[in-house]
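Peer 1:
Residue numbers (UniProt numbering): 1 to 431.
#1: Alpha carbon to alpha carbon, how far is residue 199 from residue 346?
#2: Tell me, please, whether the segment 317-329 touches the segment 369-378 by the rule of three or more beta-carbon pairs shorter than 8 Å.
#3: I'd like the list of long-range same chain contacts for residue 428, defined as Cβ closer than 8 Å, with 5 residues on each side in sequence excluded.
#4: So, are the CB atoms of residue 132 and residue 201 less than 8 Å apart?
#5: Can residue 397 and residue 361 be called in contact, C-beta distance under 8 Å?
#6: According to DSSP, which residues form a beta bridge with residue 160?
#7: Note down, in chain order, each residue of its chain lying with its Cβ closer than 6 Å to the Cβ of residue 91, except the 5 sequence neighbours on either side.
#8: Looking only at DSSP bridge pairs, what is residue 209 linked to?
#9: For residue 32, list the residues DSSP reports as bridge partners.
#10: Counting beta carbon pairs with one atom in the segment 329-349 and one in the segment 43-52, are three or more of them shorter than 8 Å?
#11: Are residue 208 and residue 258 close, meaning C-beta to C-beta below 8 Å?
#12: Less than 8 Å between the C-beta atoms of residue 105 and residue 70, yes or no?
#13: Please classify residue 262: does DSSP put it in a helix, a strand, or coil?
#14: Which value, in whole angstroms, describes the spacing of the CA atoms of residue 266 and residue 65?
#15: Do residue 309 and residue 342 come within 8 Å of each other at the CB atom, strictly closer than that value?
#16: Is residue 158 near residue 260, with beta carbons less than 8 Å apart?
#17: Quick one: using the 10 Å Cβ neighbour count with 16 as the cut-off for buried, is residue 295 buried or exposed?
#18: Along the alpha helix (DSSP H) that carries residue 109, what are the first and last residues, could you check?
#19: Which residues mark the beginning and the end of the alpha helix (DSSP H) in which residue 318 is found?
#20: Going by Cα to Cα distance, which pick from 248, 383, 58 and 175 is closest to residue 220?
#21: Looking only at its chain, what residues have a beta carbon closer than 7 Å to the beta carbon of residue 18, apart from the 5 residues adjacent to it on each side?
#22: Please tell me whether residue 78 and residue 101 are closer than 8 Å, where the distance is taken between their beta carbons.
#23: Assuming residue 97 and residue 381 are in contact, meaning their beta carbons sit under 8 Å apart, how far apart are those beta carbons, in whole angstroms?
#24: My understanding is that residue 182 touches residue 142, with C-beta atoms under 8 Å, so please give their C-beta distance in whole angstroms.
#25: Check residue 17 in the structure and name its three-state DSSP category.
#26: Please list the terminal residues of the continuous alpha helix (DSSP H) segment that includes residue 117.
#27: Does the beta-carbon of residue 284 have 16 or more other beta-carbons within 10 angstroms, so that it is buried, or is it exposed?
#28: Decide if residue 54 is buried, meaning its Cβ has at least 16 other Cβ atoms within 10 Å, or exposed.
#29: Are residue 404 and residue 112 touching if we call contact CB-CB under 8 Å?
#30: Which complete alpha helix (DSSP H) runs does the segment 304-381 hold, if anything under 4 residues is left out?
#31: Specify the secondary structure class of residue 397 as computed by DSSP and reduced to three states.
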């Protein structure tokens, strides 16, 4: 059956609409079903996946050089959790986590990657627009409405949560997007005015969340990005943007900071006592409890099973450190997989640096994984889709750049071999 050009265009537009909508709403975690962890974005992603499967448009190797590390990390993470759940814990909890992680590690790469460079940046801008929309809605709600029992946007203790699920998640997500804004600014894809506006919105969101983890993630991400990319010539482009917080504080802006931020963040910074930084004591107690469980149960290759730490914990909550949680529940197998996954950004950065490809893109990849490692140290299981969506979209331009570089190198080598073969034949004939 032949299709007219207009029909093909409409089909591509429908696929693009589903994917763009899924990416845009990915940070809106509170737009979810009550019974299961399945968001509006997940539904759109599934619809896009069905369309791509029916039309056989899925890419063959979307991750490029990261294919094997990515797949190996996924197999180790879910394998350790599932086997541990079958042997020690609840098998069905292992199945649930298997499905959640499978969506992140298998479905999302095939949906988001394997595209042309222009489309890759377009998807990244769509995700950035979703985060900014989330922030603007949260900021307006914080100042115009405030806390209401029926709204998840502002918590009862005066912290902005937005619709991303929690204050820490909102802050750390914005920390990662600040790295993206710096990258797009240095690569000439964002003007100074637009970069300053976006940076101000995201910084305001981080302050209103009063999240110590967000402040740490933002600082670590910016430092990692600057260390890997900044030259003296490029300093002029981003120093004025990074100077915005300092100008605000020098103008007496500290008096306008929310009380929750002053109590949770500024007091800890002023006194140098980390125990005053938010929920540090309770989180430390959970980490100590996890370490004791590892020693008491002599956890080695397999753990106690998915979601079992929460049932055993005195606080009846999972430890907010994904490395320890995976170690306890999935054993060393899951921990090794998680460490490998957290290393994929460094692997991509190293390969791109060795090939001299994508200076700012590879720096953004490294910095975004630094932010993610901070998130992993203050979070339980991480299978919220927006984290993997963000990481994949940030990695995609560098993956594309490497693929094109290797393709050009291969073509050059083939051309050189052909010329060398012809020259050798002429020499033999002449002799």
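For each residue, glycine too, the CB sits at the ideal point set by N, CA and C.
Peer 2: Quick answer:
#1: 25 Å
#2: yes
#3: With a pLDDT of 46 at residue 428, under the threshold of 50, the predicted position of this residue should be treated as unreliable, though the coordinate-derived value follows. No residues qualify anywhere along the chain.
#4: yes
#5: yes
#6: 154
#7: 85
#8: Per DSSP, none; premise fails for residue 209.
#9: 39
#10: no
#11: yes
#12: yes
#13: helix
#14: 43 Å
#15: no
#16: yes
#17: exposed
#18: 108-112
#19: Run containing residue 318: none; DSSP gives neither H nor E here.
#20: 175
#21: 44, 47, 48 and 51
#22: yes
#23: 7 Å
#24: Not quite, the Cβ-Cβ distance comes to about 25 Å (not below 8 Å), so this is no contact.
#25: helix
#26: 117-144
#27: exposed
#28: exposed
#29: no
#30: 308-312, 322-355 and 359-377
#31: helix
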